[in-house]
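Note sheet for the following structure.
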Amino acid sequence: MTDPTEDSAPAQISTSPEKSATLEPDPPYPPTGYAWFTVGILMLAYVFSFVDRQIFGLIVGPIKADLGISDTQVSYLMGFSFALFYTIFGIPISRLSDRHSRRGIIAVGLFFWSLMTTGCGFARYYWHLLLLRVGVGVGEAALSPAAYSLISDSFPREKLGTAISVYGAGIYLGSGLAYLLGGFVVGWVGDSPSVAVPIIGDIRSWQVVFFIVGLPGICFVLMIAAIREPIRRGVRMVKAASGERQVAKIPLKQVARYVGSNWKTFVCHNVGFAVLAFSSYGTTSWIVPFFVRTHGWTRADAGKVYGAIVMIFGTLGIIAGGRIADALSARGVRDAKMRVGFFAAVVW
């Protein structure tokens, strides 16, 4: 396992043309209780994001039948349209998170992706859904870069693995909830092709699911306001012309040089975990249709069973991984987090 700091020394930060910068001693971390409160709010936002992105897997059949589309076209809705724009917009949004309000960026992203998810409930044509799924991907790209930054500034390094694993539990809670909630909704509407919704009127039964999972996220934006921005750590501060102290802006060329000098670590880490994500998302997206088509299960039953498995065992697994990584770090294992990820991948 390679530690990024072993490839080369970190690049020196240049602050020109701003005034000279100084690296100040880090202040104390936020109170433990409040730091965990921040993680809890961010984890719930992560839950909403995974409910919104994974719900498609449960309603593949009705969408195909109603819109007259193929499995390939469905895969563009579940994967390509979302992932492409999630990746593209993640980098510039991360750049904004380095200097601007991370809380504000998360709030805007949460509102936007929840609005796009709710909008899927009004879709009448395939291209409507395709564009709305692009919007979901753009909105969700705002969450994790800012969330990781907030968590890193709220916990000392020896507790960071556990804190990030609790945030990451939102993946499994959200995915499981999408299937569980979707299973109950599917069971509720049964085989009815349409449902009467107050004010809106008659809509397709699969469209109801998007209203149920999208609208609560819009309301949850208010909870993001309860998060206070922790002081940024390990960054250089400069004095602006107004006299206000700001985070020094690091040129993109300098970032590129640092990534280039540590390319082996970045390539192995990013490509390796991307392949694992490819396996995971590809499987979970089609698990319900697989049980329906191959084993004759109902969509409601498949969603409830698979959702419960993901919520319970996925959550236990990721939190255990964080705890183990922190324990190894406390014993002086420098690459503890990569080591845990490696062995988990082998077992997987």
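Residue numbering for the sequence shown follows our numbering, beginning at 9 and increasing consecutively.
Every residue gets a Cβ at the ideal spot worked out from N, C-alpha and C, and that includes glycine.
This one's a predicted model, so the numbers in the text were calculated from it and none came from an experiment.
Where does residue i fall in DSSP's three states?
i, result
"L31", "Any reading at L31 is ruled out, since the residue's pLDDT is 48, under 50, leaving its predicted position unreliable."
"P116", "The displayed chain sequence assigns Val, not Pro, to residue 116. Helix, per DSSP."
"G182", "helix"
"R236", "coil"
"S202", "strand"
"G169", "helix"
"D343", "coil"
"D79", "helix"
"I207", "coil"
"P12", "Only weak support is given to the placement of P12: the predicted model assigns it a pLDDT of 42, under 50, and the value that follows is read from those uncertain coordinates. In this structure, P12 counts as helix in the three-state DSSP scheme."
"R265", "helix"
"R212", "strand"
State buried or exposed for residue i, treating a residue as buried only when at least 16 other CB atoms are found within 10 Å of its CB.
i, result
"A29", "For A29, the predicted model reports a pLDDT of 45, less than 50, meaning its position is unreliable and no value from the coordinates is stated."
"W135", "exposed"
"F219", "buried"
"T13", "Unreliable positioning characterises T13 in this predicted model, as indicated by a pLDDT of 40, which lies under 50. The coordinate reading is nonetheless provided below. By the 10 Å Cβ count, T13 comes out exposed."
"D79", "exposed"
"A234", "exposed"
"T302", "exposed"
"I312", "It should be noted that the sequence gives Lys, not Ile, for residue 312. Its Cβ being crowded by 16 or more others within 10 Å, K312 is buried."
"P297", "buried"
"R342", "exposed"
"F163", "buried"
"V68", "buried"
"Y133", "exposed"
"I7", "Absent from the model: residue 7. The displayed extent of the chain is 9 to 356, so no value can be given."
Between which residues of its own chain and residue i is the CB-CB distance below 7 Å, once the five residues before and five after are set aside?
i, result
"G329", "S173, V348 and A352"
"F88", "none"
"K72", "V82"
Are residue i and residue j close, meaning C-beta to C-beta below 8 Å?
i, j, result
"P38", "S105", "no"
"L189", "R141", "no"
"L50", "L158", "yes"
"Y180", "G145", "no"
"G65", "W305", "no"
"G195", "A308", "yes"
"F120", "G143", "yes"
"I211", "V205", "yes"
"R241", "D161", "yes"
"I101", "A149", "yes"
By Cβ distance, which residues of its chain are closer than 8 Å to residue i, with the 5 residues on each side in sequence left out?
i, result
"S337", "R165, E166, G169, A344 and K345"
"G340", "none"
"I327", "T170, S173, V174 and A177"
"I232", "I49, A53, R111, I114, A115 and L118"
"A155", "L50, A53, Y54, R110, I114 and Y175"
"V267", "F274"
"S288", "none"
Ordered along the chain, which non-local residues of its own chain (more than five positions away) have a Cβ less than 6 Å from that of residue i?
i, result
"A17", "For A17, the pLDDT reaches just 41, beneath the cut-off of 50, and the residue's location in the model is therefore unreliable, leaving the point undetermined."
"I239", "P35"
Quick one: measure Cβ to Cβ for residue i and residue j, integer angstroms, because I've assumed they're closer than 8 Å.
i, j, result
"V318", "A310", "Not a contact, Cβ separation roughly 12 Å."
"G222", "T292", "So it is not a contact: roughly 20 Å between Cβ atoms."
"V59", "A186", "4 Å"
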